[in-house]
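Novice: There's a structure below that I have some questions on.
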Amino acid sequence: MTPETIQLALDVSFWSCLVLVSACMGIVTLGPGNIDRLVATDFGLVLIAVDLALFSAREQTTFYMDAALLIAILSFLVTVVVARQLETGRVFY
Amino acid sequence: MSWLAWIRDLVGVLLLGGGLFFATLGVFGLYRMPDVYTRMHGGSKAVTLGASMLLLALVFLAPLPFGLRAVAILAFVFLTTPVATFVAARAAHRRREPMTEHTICDELEEFRHADRDEEKEPYQVD
């Protein structure tokens, strides 16, 4: 395959992934309950990390991959802390 | 050698397409499913599979440094997304989020009530 085809595939997947992120943000805004908002935040952050990885491959620079890894770590942390807050009403003892 | 590179690129593009398909299914499940547990169930598995396929495509399509970092992100997503969804599901169950009327049985119901009896403070904080 030509490099143009690969670039087109990366372009299409980058923009489609961005549409999926905005769909998750729609759940965060409208969602029926707080747990739905929490889960949609987790998925949205994972998709943002994937989207940053695709973007850095599209731009031919590894600059954004470390940010993607950090966002993946932070999404886990955010989900655990907010779930604990919603479950017991406190984060720390 | 060129046909080998062609097959590598083809596998990468197919992984991109499959990853987009599964991630779209997962986000669609977030909108479509009837209650919070089924939304989590549909979303977590499909989004994890879609994200991992999208990241694995970079191993085939991009140079080596991209591939290494993508595998690191993939391993982390694979480790943490099920744990995060489990914690969210436990919070939902303890908050007594309503289930859909098609639910056949809730095997953890007695534990939920036992939790409530022993608990000093109520769980319902909103």
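Taken in sequence, the protein lines are chains E and G.
When you line the first sequence up against the working numbering, it's residues 1395 to 1487, in that order.
When you line the second sequence up against the working numbering, it's residues 298 to 423, in that order.
Just so it is clear, CB atoms sit at the ideal spot from N, CA and C, and this is done for glycine as well.
(1) Comparing the C-beta of valine 400 of chain G with each C-beta of chain E, is any distance below 8 angstroms?
(2) Below 8 angstroms, can you find three or more Cβ-Cβ pairs linking the region 386–404 of chain G to the region 330–350 of chain G?
(3) When we look at the beta-carbon of valine 1475 of chain E and count the other beta-carbons within 10 Å, is it buried (16 or more) or exposed?
(4) Quick check: is the beta carbon of aspartate 1405 of chain E nearer than 8 angstroms to any beta carbon in chain G?
(5) Restricting to Cα atoms, I'd like to know which of G:Leu327, G:Phe363 and G:Gly315 is closest to glycine 1488 of chain E.
(6) Using a Cβ-Cβ cutoff of 8 angstroms, what residues of the region 386–399 of chain G are near chain E? List them in chain order.
(7) Only counting the same chain, and skipping five residues up and downstream in sequence, which positions put a Cβ closer than 7 angstroms to that of alanine 1434 of chain E?
(8) Note down, in chain order, every chain G residue with its Cβ under 7 angstroms from the Cβ of glutamate 1473 of chain E.
(9) For threonine 378 of chain G, name the three-state secondary structure that DSSP assigns.
(10) For chain G, check one thing: does any of its Cβ atoms lie closer than 8 angstroms to the Cβ of leucine 1468 of chain E?
Specialist: So, from the data block:
(1) Here residue 400 of chain G refers to the residue found at position 103 when the second sequence is read from its first residue. First, the residue type needs correcting, since residue 400 of chain G is threonine and not valine in the sequence shown. With 8 angstroms as the cut-off, threonine 400 of chain G does not count as an interface residue toward chain E.
(2) Touching, yes.
(3) As a first step, residue 1475 of chain E is located in the first sequence; it is residue number 81 there, counting from the start. So valine 1475 of chain E counts as exposed.
(4) In the first sequence, residue 1405 of chain E corresponds to position 11, counting from 1. Answer no: the Cβ-Cβ gap between aspartate 1405 of chain E and chain G never drops below 8 angstroms.
(5) No information on residue 1488 of chain E is available, as it lies outside the stretch 1395 to 1487 that chain E covers here.
(6) Arg387, Ala388, Ala389, Arg391, Arg392 and Glu394
(7) Counting from 1 along the first sequence, the entry for residue 1434 of chain E is found at position 40. Excluding positions up to five away in sequence, the list reads Cys1418, Ile1421, Val1422 and Gly1425.
(8) Locating residue 1473 of chain E in the first sequence gives position 79, counting from the first residue. Before going on, a small fix: residue 1473 of chain E reads as threonine here, not glutamate. Neighbours of threonine 1473 of chain E in chain G, taken as residues at a C-beta separation under 7 angstroms, are given in chain order as Ala381, Val384 and Ala385.
(9) Residue numbering aside, residue 378 of chain G sits at position 81 when the second sequence is read from its first letter. Here threonine 378 of chain G sits in helix by DSSP.
(10) Counted from its first residue, the first sequence places residue 1468 of chain E at position 74. No, leucine 1468 of chain E lies away from the interface with chain G (no Cβ there is under 8 angstroms from its Cβ).
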